[in-house]
Every structure is written in C-alpha cells, then in structure tokens.
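For reference, the structure discussed in these notes is given below.
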Amino acid sequence: MTAPTARASTPPHRHAAHLCLTLALMATTMAAAPARAQDGYPARPITMIVPFGPGGTSDIMARILQKSLTETLGKGVVIENRAGAGGAIGMSELARAPHDGYTIGLSVVGPEAIQPVIRKTGYTPDSYDHLCGTYDVPLMMMVKAGSPWRRLQDVLDAARREPGKINYGSSGTGTVLHLSMQGLMDAAGASALHVPYKSSGEMVTGLMGGQIDVFDETPTVSRQYKLRPLALFSDTRLAAYPDVPTVKELGYPITFSVWGGLIAPKGLPASVRAKLESACDKAVHTAAYQEAAAKLDTPLVYKTGADFEAFVKAEYGRYGAIVRKAGLDKE
Numbered sequence: 000m001t002a003p004t005a006r007a008s009t010p011p012h013r014h015a016a017h018l019c020l021t022l023a024l025m026a027t028t029m030a031a032a033p034a035r036a037q038d039g040y041p042a043r044p045i046t047m048i049v050p051f052g053p054g055g056t057s058d059i060m061a062r063i064l065q066k067s068l069t070e071t072l073g074k075g076v077v078i079e080n081r082a083g084a085g086g087a088i089g090m091s092e093l094a095r096a097p098h099d100g101y102t103i104g105l106s107v108v109g110p111e112a113i114q115p116v117i118r119k120t121g122y123t124p125d126s127y128d129h130l131c132g133t134y135d136v137p138l139m140m141m142v143k144a145g146s147p148w149r150r151l152q153d154v155l156d157a158a159r160r161e162p163g164k165i166n167y168g169s170s171g172t173g174t175v176l177h178l179s180m181q182g183l184m185d186a187a188g189a190s191a192l193h194v195p196y197k198s199s200g201e202m203v204t205g206l207m208g209g210q211i212d213v214f215d216e217t218p219t220v221s222r223q224y225k226l227r228p229l230a231l232f233s234d235t236r237l238a239a240y241p242d243v244p245t246v247k248e249l250g251y252p253i254t255f256s257v258w259g260g261l262i263a264p265k266g267l268p269a270s271v272r273a274k275l276e277s278a279c280d281k282a283v284h285t286a287a288y289q290e291a292a293a294k295l296d297t298p299l300v301y302k303t304g305a306d307f308e309a310f311v312k313a314e315y316g317r318y319g320a321i322v323r324k325a326g327l328d329k330e
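Going by numbering that gives the first Met the number 0, the letters in the sequence shown line up with residues 0 to 330, in that order.
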C-alpha cells in the first residue's frame, strides 16, 4: 500500500500576507465603486424641494431654474413643493435627505435666515451645502393707486402724527415682508399696526379692499395690480423703475430683499458638488433663464457657492438681531 504523500505546510506569515493583500484589494474595489458612481452623476432624476406651495414667487423662480438645470445636467429635475411653517417643513426635510446629490432644494430668505431664529426648526444655515445664489429682488413699498400718499415720507409723517393708526400688511408674522416694514418704522421713529395675512395674495386683497393701507412686496406685484410704488429697499434704483427712489436716498440706510439660491444637504461628495455648482452657474447665465427672470422684474444676481454661503450666514445674523429686537424669538 502506497503511503499518502505529505503536503508542505504554508508558513503562518504567508497566510497573513495573503489575507492583508485580499483585504486591501477589497477596500480598493469598494472605494472605487462610489467614485465611479459619482463620476457618472447624475444617473437618475434629481428632486428639488421648494419650501412653499405652487404659484408664488419662490416657486416660479424654482421652475425657471428647474428647466435650465435639466438642460444643463442632462437629467430631469423634479420639483416637490413642501409648504408649511413658513417654509421650515420643506427645509427640515431637505436637511434630513441623503447627501448624494439627488435631493437639492431652493433656499429662500425666510425659511433659511429667519425661521430658525423664530422657532426650533432643527436646522440652521450650517445644515446645508450652498451651491449658488440665483436671485435677489429688493422689496418695494406700495399703496393703492388712489391713495393720498404719493411719497414714502407721506407714509412716515402720517405714522408719526398718529402712532398705530396706519396699518401695514404682510404675508405672516416674522416674514421678510413684516420685518422690512418694522425695520423701517424703527429707523424712522414711527409706529404702525402690523396686520399679518396667511399669504401674499390675501394681503393684496386686503389692500384693495381697504383693510390695510400699505405693504412691501416684490416690484412685479405693483405692475400686476397697478399699485403705486413709493420706495425700494435697496442700495440702488432698478432700471425697470427709474423714478422710484430707494429708502437709502431718503435717509434710511436699510435694505430688504427676497433672495434665493440652490442648496443641498450638508456633506455632498466633492465631485457632485462641483458638478452642481457648475450646472447652476451655466443655468443662471442661459438666455432662457434671464429672459424669464426679466419678465418678473428679477435682476440676475449670481453668487458662487462660497459667496452665497457667506451671504446667507450674514443674513442669518442680521435677521436674528431684528427678530430678537422685535421679541419674536419666543417660540
């Protein structure tokens, strides 16, 4: 009977070396997979969360951007409106979304810079990657065409003569429309009664029906409803309204605007973030985007991701001071 052939045993150190090599190859393969996925971004449609309902200025601006982004990225961008709590619901949902580039959102002044100061939202500007700023529309004070007030000074003089008798509307307590008027009254040493509405549309109805005397809104509202513009809350006049002075010209160096931009949950992969920033830059500078924005009296104010982030954080600090002074940070 033939004796079994003895097998040479493998030294233990060779087993260890082989195991290390196998693990290293596996790690390299696993690391390369996400990189390849990111290089192919976007591979499927992207969701854009808008923190307001359909039809408002923010939603309209988002849809203008959506169309240009879809063409630039080569994949569909689908808008999901998530309204409620002054925009905080949509912003909270965005902050919790995966940071893979397939959920982005529209940042707007109220939801990002004001609501986190007024209430516990679970997010701050630090919760997001800021990709670009896309618009910045100064607010305009306006009255009915038949109003006896023809200048900003007329409104302020009346508010000083009879404190609290004049009333102004807004789209809600703590909104930029509210804080802008409150800020002006404080700067001018005047007093007026604030009447909050649930929406900008209801506020316009209140003005037309005589329930309120004056309000601030974006300039396009004055054209749409044939209202009389009195002053702009900006540093310079708008080309579309050359005869409307700024409040700064009239001695009150304050500015308020409705601004917006593109953001995503914090922690995007670098390559995905770079692609989204580039796409936003290209989208905002297309003729189609600029023509659509011009029809809404919205000047092109593009900001890079870094510039937009710095701007938003500065606005967050500024509005925080205004909100605290007004005693609105109690919720």
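Backbone N, C-alpha and C fix where the C-beta goes; we use that ideal spot for every residue, glycine too.
Source: prediction; values computed, not measured.
Classification of residue i by the beta-carbon crowding that lies within 10 angstroms, buried from 16 upward
i, result
"residue 223", "exposed"
"residue 276", "buried"
"residue 87", "buried"
"residue 235", "exposed"
"residue 226", "buried"
"residue 338", "Any question about residue 338 goes unanswered here, given that the chain covers just 0 to 330."
"residue 95", "exposed"
"residue 345", "What the structure shows of the chain is the stretch from 0 to 330, and residue 345 is not part of that stretch, so it cannot be assessed."
"residue 242", "exposed"
"residue 104", "buried"
"residue 207", "exposed"
"residue 250", "exposed"
"residue 274", "buried"
"residue 299", "exposed"
"residue 147", "exposed"
"residue 272", "buried"
"residue 182", "buried"
"residue 119", "exposed"
"residue 53", "exposed"
"residue 100", "buried"
"residue 308", "buried"
"residue 296", "buried"
"residue 172", "exposed"
"residue 302", "buried"
"residue 137", "buried"
"residue 83", "exposed"
"residue 85", "buried"
CA-to-CA distance, residue j to residue i, given in whole angstroms
i, j, result
"residue 91", "residue 320", "23 Å"
"residue 151", "residue 140", "8 Å"
"residue 93", "residue 313", "21 Å"
"residue 288", "residue 57", "14 Å"
"residue 121", "residue 89", "12 Å"
"residue 33", "residue 174", "Residue placement at residue 33 is poorly supported in this model, since its pLDDT is 45, which falls under 50; the coordinates still yield a value, given next. Rounded to whole angstroms, residue 33 to residue 174 spans 41 Å at the Cα level."
"residue 305", "residue 134", "15 Å"
"residue 160", "residue 219", "31 Å"
"residue 188", "residue 212", "18 Å"
"residue 204", "residue 221", "13 Å"
"residue 279", "residue 238", "25 Å"
"residue 115", "residue 180", "20 Å"
"residue 290", "residue 74", "22 Å"
"residue 322", "residue 315", "10 Å"
"residue 229", "residue 184", "15 Å"
"residue 209", "residue 256", "25 Å"
"residue 325", "residue 186", "13 Å"
"residue 50", "residue 107", "8 Å"
"residue 125", "residue 190", "35 Å"
"residue 266", "residue 252", "37 Å"
"residue 240", "residue 292", "16 Å"
"residue 42", "residue 144", "52 Å"
"residue 65", "residue 270", "21 Å"
"residue 246", "residue 156", "14 Å"
"residue 231", "residue 154", "14 Å"
"residue 69", "residue 142", "39 Å"
"residue 200", "residue 170", "8 Å"
"residue 317", "residue 81", "26 Å"
Cross-strand partners of residue i (DSSP beta bridge)
i, result
"residue 129", "262"
"residue 281", "Answer is none; residue 281 lacks a bridge partner."
"residue 167", "193 and 213"
"residue 124", "Answer is none; residue 124 lacks a bridge partner."
"residue 135", "258"
"residue 102", "46"
"residue 151", "None, per the DSSP bridge assignment."
"residue 323", "In the DSSP output, where bridge partners are listed per residue, residue 323 has none listed."
"residue 228", "141"
"residue 311", "Answer is none; residue 311 lacks a bridge partner."
"residue 302", "132"
"residue 245", "231"
"residue 107", "259"
Heavy atom of the ligand FAD within 8 Å of residue i beta-carbon
i, result
"residue 279", "Because no ligand of any kind appears in the structure shown, any question about the ligand FAD cannot be addressed here."
Three or more C-beta pairs under 8 Å: does that hold for the stretch 253 to 267 against the stretch 123 to 134? yes
Given 8 Å as the limit, is there contact between the stretch 104 to 120 and the stretch 279 to 294, that is, 3 or more CB pairs closer than that? no
Tell me, please, whether the stretch 155 to 171 touches the stretch 187 to 197 by the rule of three or more beta-carbon pairs shorter than 8 Å. yes
Please give me, in chain order, every unbroken run of the alpha helix (DSSP H) with length at least 4 that falls completely inside the stretch 54 to 86. 56 to 72
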